[in-house]
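In what follows, a structure is listed as structure tokens, so that the remarks can point back to it.
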Amino acid sequence: MSGNRRRKSRQDTPAETSGNDAPKAKSLGPLRLLADAARKYPGVVGAALVALIITSAATLAIPSGFRLIIDRGFSGEGDISRWFQYLLLIVVIMAVGTAFRFYFVSWLGERVVADLRVRVNRHLMAMPPAFYEVNSPSEIASRMTADTAIIEQVVSSTVSVALRNLLMAIGGTAYMFYLAPTLSAWLVLAIPCVVLPIIWFGRKVRNLSRASQDRIADVGAMTSEVLSSMQIVQAFNQEDRERDRFRGAVDRSFEAASKRIKVRSVLTFVVMTMIFGAITLLLWKGAIEVTAGNISGGTIAAFVITVGLVAGAFGSLTEVYGSLLRAAGAAQRMGELLDARPTIAAPERPQALPVPPRGQISFQNVTFRYPARPERAALEDFTLIIEPGETVAVVGPSGAGKSTLFQLVERFRDPQAGNVRIDGVDLTRADPADIRDRIALVPQESVLFAATARYNILYGKPEASDEEIWEAARAANAETFLRDLPEGLDTFIGEAGARLSGGQRQRIAIARALLRDAPILLLDEATSALDAESERLVQSALDRLMENRTTLVIAHRLATVRAADRIVVMDEGRIVETGDHDTLSAAGGLYARLARLQFDDPVA
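Set out below in structure tokens:
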């Protein structure tokens, strides 16, 4: 089930990653990823720090203002309004500094997250299709949205609050010692009572935060999966079942969040009790000192306000620490995507493919096993040479290895033995981008993007002109219906082309391949699920597409098989028969049986 697949993607490291199980966040170390991103903007970081320092200094100066008002203003020493003006100036400076700090820090948070999303997306674009077979795309999307939202909050708010409170705690503690060394010493003795619970509870919060994020990712992945399959859900009347399954995922997410909230609540209770208990005791002792005349009323007032600021700073740091741990978990999940390494990459010095291209494809003694099924070879000592301009149809039962040929030719995978060559160049020595530039693909199920018809056709050649687009559309028998669309080429065709019929989607895919004008065509014959009229139009377009190209066809329909220069019959990863339709039909072997079952006798 999909839920199992999602859990596997988090717990089992795919072949493309470093090979070790992803560790749980045990520290704030993953936040280095954010620090590295912020270093790109030293000016903004510097401005934020200056505003932060000014704000913290102004805040710490407030107790000094009250001390002057009480000790000098109330005693008649000078004009009391002057001391109130001094206090008002401090408040203005604090407000202005806070506004600037908010702007710079918020801008930095948005910028860092935007850069991180772009960086992760760029990295994901380099991952081969095998990566997405073991890593759920919907969960990756959740990491790109939910996790980055947490990171954005931390960078634009939490880090700023943490630094401000750290400065307040340090500066306030120093000022406390200046005002009343003895009282401050007693207060310092109480610090271990606050720090030790933070450390102990912090570990629990960190692990629970990671678990909570995983459950949220499950909800996002399930939502994406079900919504994209809504037609099947409703066709089988499984709405109630999917509602229950979603409710279960939400409940698990809530339970994980509740555990985290409970632990953080206990942490806050313990810390705040310790802090304000210590403050109460110190105030009692301070009152005794004032009564004895050892310190002034203004000094004890300033001391009390400063202790309150320091206590608030330490109390806030407990909350900040929990948020930072949660962000560390999110940053680690993003880091796991960045740490994944593609198994398919260009060599340091790639070998150039010959120019002009000829289009020869060669499989030499190829053996390939999928990592998920290492005990069974998808291809076993497979050898096949397809000459330039030749059309070769590959037929065989399901699991014979037909689709694996496409995977190897496009270098989405590399064989464990033997080699695959295009125009004499071993594909493992070539740049994958150069290889794919010479190939056009028409899959059985057309893949279209939720965009305009123009955007989808231009995928074959982004720089093509309108004239070239219409020429390709005309050759693909797509011109008529494209011109009839409400906005022509600029009509939005819906998610996966949902606003088009199956035949129309296939003809757009063919137009895309025609526009690419590549010397090699990989055709997973796309007519098996179409009605007779659509099949005729698509088949006619395919015939034009195959002209003067080396074509490797996974054949499902007899029309394509008969038109092929050669038919290759596969079974269990090997070639068992080769020839034309008439010869193979007369031989009475596997092809004759497949032709009888799949083509000539649909009832069978």
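Residue 1 is where the sequence shown starts when you use UniProt numbering, and the numbers rise one by one after that.
Backbone N, C-alpha and C fix where the C-beta goes; we use that ideal spot for every residue, glycine too.
Buried versus exposed, by CB contacts within 10 Å (16 or more), residue i
i, result
"residue 355", "exposed"
"residue 189", "exposed"
"residue 407", "buried"
"residue 588", "exposed"
"residue 23", "In this predicted model, residue 23 has a pLDDT of only 35, less than 50, meaning its place in the structure is not dependable; the value taken from the coordinates is given anyway. Label assigned to residue 23: exposed."
"residue 230", "exposed"
"residue 543", "exposed"
"residue 192", "exposed"
"residue 405", "buried"
"residue 297", "exposed"
"residue 368", "buried"
"residue 415", "buried"
"residue 104", "buried"
"residue 40", "exposed"
"residue 514", "buried"
Endpoints, beta strand (DSSP E) assigned at residue i
i, result
"residue 524", "520-524"
"residue 393", "391-395"
"residue 440", "439-442"
"residue 579", "574-579"
"residue 554", "550-554"
Through-space distance from residue j to residue i, alpha-carbon basis
i, j, result
"residue 301", "residue 335", "49 Å"
"residue 465", "residue 565", "34 Å"
"residue 501", "residue 478", "12 Å"
"residue 221", "residue 329", "18 Å"
"residue 211", "residue 218", "11 Å"
"residue 122", "residue 62", "49 Å"
"residue 226", "residue 138", "11 Å"
"residue 268", "residue 319", "7 Å"
"residue 381", "residue 594", "23 Å"
"residue 97", "residue 48", "9 Å"
"residue 165", "residue 198", "16 Å"
"residue 521", "residue 488", "28 Å"
"residue 21", "residue 340", "Because residue 21 sits at a pLDDT of 34, beneath the cut-off of 50, its placement in the model cannot be relied upon, and the point is left open."
"residue 506", "residue 143", "33 Å"
"residue 575", "residue 418", "16 Å"
"residue 261", "residue 115", "31 Å"
"residue 581", "residue 128", "36 Å"
"residue 284", "residue 208", "40 Å"
"residue 109", "residue 483", "46 Å"
"residue 241", "residue 131", "30 Å"
"residue 106", "residue 43", "14 Å"
"residue 413", "residue 237", "39 Å"
"residue 538", "residue 475", "10 Å"
Enclosing alpha helix (DSSP H) for residue i [first to last residue]
i, result
"residue 407", "402-409"
"residue 38", "32-38"
"residue 177", "159-179"
"residue 64", "42-68"
"residue 132", "129-134"
"residue 138", "137-142"
"residue 148", "148-153"
"residue 597", "Element bounds for residue 597: n/a, residue is neither H nor E."
"residue 471", "466-475"
"residue 353", "Note, residue 353: premise wrong, no alpha helix (DSSP H); not H, not E."
"residue 511", "502-516"
"residue 235", "230-235"
"residue 483", "479-484"
Any non-hydrogen atom of the ligand FAD within 7 Å of residue i CB
i, result
"residue 119", "In the structure on display, the ligand FAD does not appear, and there are no ligands present to speak of."
Integer-rounded CB distance, given that residue j should sit under 8 Å from residue i
i, j, result
"residue 519", "residue 357", "4 Å"
"residue 409", "residue 561", "In fact, because the Cβ distance is near 20 Å, the residues do not count as touching under 8 Å."
"residue 553", "residue 366", "No, residue 553 and residue 366 are not in contact; Cβ-Cβ is about 19 Å, not under 8 Å."
"residue 353", "residue 425", "5 Å"
"residue 146", "residue 295", "With a Cβ gap of about 53 Å, residue 146 and residue 295 do not count as contacting."
"residue 65", "residue 87", "4 Å"
"residue 499", "residue 459", "Their Cβ separation, rounded to whole angstroms, is 18 Å, which puts residue 499 and residue 459 out of contact at 8 Å."
"residue 160", "residue 101", "6 Å"
"residue 52", "residue 163", "6 Å"
"residue 432", "residue 344", "6 Å"
"residue 37", "residue 45", "Not confirmed; about 11 Å, so no contact."
According to DSSP, residues forming a beta bridge with residue i
i, result
"residue 362", "385, 421"
"residue 452", "492"
"residue 567", "393, 579"
"residue 368", "379"
"residue 426", "421"
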